[in-house]
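Numbering of the sequence shown is given in this note's numbering, commencing with residue 45 and proceeding in unit increments. Right, one structure below, let's go through it.
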Amino acid sequence: MRADSTGMTPPDRIRTIRTSSDQGRWEMAFCTPQPQLRPLVDFLVGYDESDTRFTRRHELPGIQAVLIVNLGAPITIIDTAGHVLRIGSGQGFAGGLSEAYAVSESDGSQRGLQVMFTPPGAFRFFRLPMHRLANRVFLLDEILGREAMDLIARLQEAPDWARRFDIMESVIAARLAEPSSAAASTAWALRQLQQSGGRLPIAALADEIGCSRKHLAAQFRDHVGLAPKTVARILRFQEVIRLIDGMTAPDLAELAVAAGYYDQAHFSRDFRALAGLTPGEYLRRRLPGQNGLPVG
45 MRADSTGMTP PDRIRTIRTS SDQGRWEMAF CTPQPQLRPL VDFLVGYDES
95 DTRFTRRHEL PGIQAVLIVN LGAPITIIDT AGHVLRIGSG QGFAGGLSEA
145 YAVSESDGSQ RGLQVMFTPP GAFRFFRLPM HRLANRVFLL DEILGREAMD
195 LIARLQEAPD WARRFDIMES VIAARLAEPS SAAASTAWAL RQLQQSGGRL
245 PIAALADEIG CSRKHLAAQF RDHVGLAPKT VARILRFQEV IRLIDGMTAP
295 DLAELAVAAG YYDQAHFSRD FRALAGLTPG EYLRRRLPGQ NGLPVG
């Protein structure tokens, strides 16, 4: 399956951002998925960064699973569980949801293509219980076998981001065409948590579905990867990041209340556990348009 009848991703689905500063140079091409993939893929992005003043950063947690194909220099990932994975040029890796930050290391440049899956999309694409991927990253060929090598070879030969997005979407669409055992109630519960910004009580969510909290947690373990309470915690954190990034001089105490934290101490403690830095350090180090946070 191709992205459209021409076999090329339409330009109106691609938004490119180029940034140059004392921190380095970036090009990021964001692709909105074709309509039939949007419930399962949040977005795709091609990135090319060089001459960065840092070689190490924290990759912040979110409610997506990731697939990345490295098209540049070797990089190293230290996942949330502490495992170290070296990814050479022409290799790919994948990971599920994480309950805290991971660490990426490079020589100051990175280039690759990244897919951000929703949990239901990741469950269907990787065809694995999502708890097996939670807090971890794995080489792509360990998960997809020969299909990973074929995909990476095609991406390496592609002349531009539009063609790479087209190739990636065709592979995703083919794998998602297979029947899935994912429970619709789990996807619904996840949407309710997302829409509430992580504020919806888990007991109320289980009552609405008509199951026990234990059963809901088991469903989340298989189809999302993390417990509902942990997902809610990440959603609150994401809301804070969204609010901070939209302000020049945010009031952190007000943000804590707006995002549903009990008090500023709860907010600061949670933020540091998830980001690896304090809110003030995040404000000083954040990069425009990116999820990563330079630390060295």
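Cβ atoms here follow ideal geometry from the backbone N, Cα and C, with glycine treated the same way.
Touch test, the region 87 to 105 against the region 149 to 160, Cβ-Cβ under 8 Å, three pairs minimum: Put simply, the region 87 to 105 touches the region 149 to 160. At least three CB pairs are less than 8 Å apart.
Check whether A202 and I211 have beta carbons under 8 Å apart: Yes. Within cutoff.
Counted within 10 angstroms of its Cβ, other Cβ atoms place D251 as buried (16 or more) or exposed: Burial is judged here by how many other beta carbons sit within 10 angstroms of a residue's own beta carbon; D251 has fewer than 16 and is exposed.
Beta-carbon proximity of I246 to P105, cut-off 8 Å: Not in contact: I246 and P105 (Cβ atoms no closer than 8 Å).
Pair within 8 Å by beta-carbon distance, E213 and L81: With a cutoff of 8 Å on beta-carbon distance, E213 and L81 are scored as near each other.
Three-state class that DSSP yields for E143 in the structure shown: In the structure shown, the three-state DSSP call for E143 is coil.
Exposure of Y305, with buried meaning 16 or more beta-carbon neighbours within 10 Å: Burial call: buried.
G165 - containing beta strand (DSSP E), residue span: Careful: G165 lies outside any beta strand (DSSP E), inside the alpha helix (DSSP H) at P163 to F170.
Presumed contact (8 Å Cβ cut-off) between V113 and G139, rounded CB distance: With a Cβ gap of about 13 Å, V113 and G139 do not count as contacting.
Endpoints, beta strand (DSSP E) assigned at M193: Counting along the chain, M193 falls outside any beta strand (DSSP E), though it belongs to the alpha helix (DSSP H) covering R190 to E201.
Where E71 sits in the DSSP three-state scheme: Three-state result, E71: strand.
Chain-order list of residues whose beta-carbon lies under 6 Å from that of R219 (same chain, five-residue window excluded): Close CB contacts of R219 within its chain, under the 6 Å cut and outside five residues either way in sequence, are with F169 (chain order).
Element boundaries [alpha helix (DSSP H), containing S312]: First-last of the alpha helix (DSSP H) with S312: Q308 to A319.
Cβ neighbour criterion (16 or more within 10 Å) applied to M291: In summary, M291 is exposed, with fewer than 16 beta-carbon neighbours lying within 10 Å of its beta-carbon over all protein chains present.
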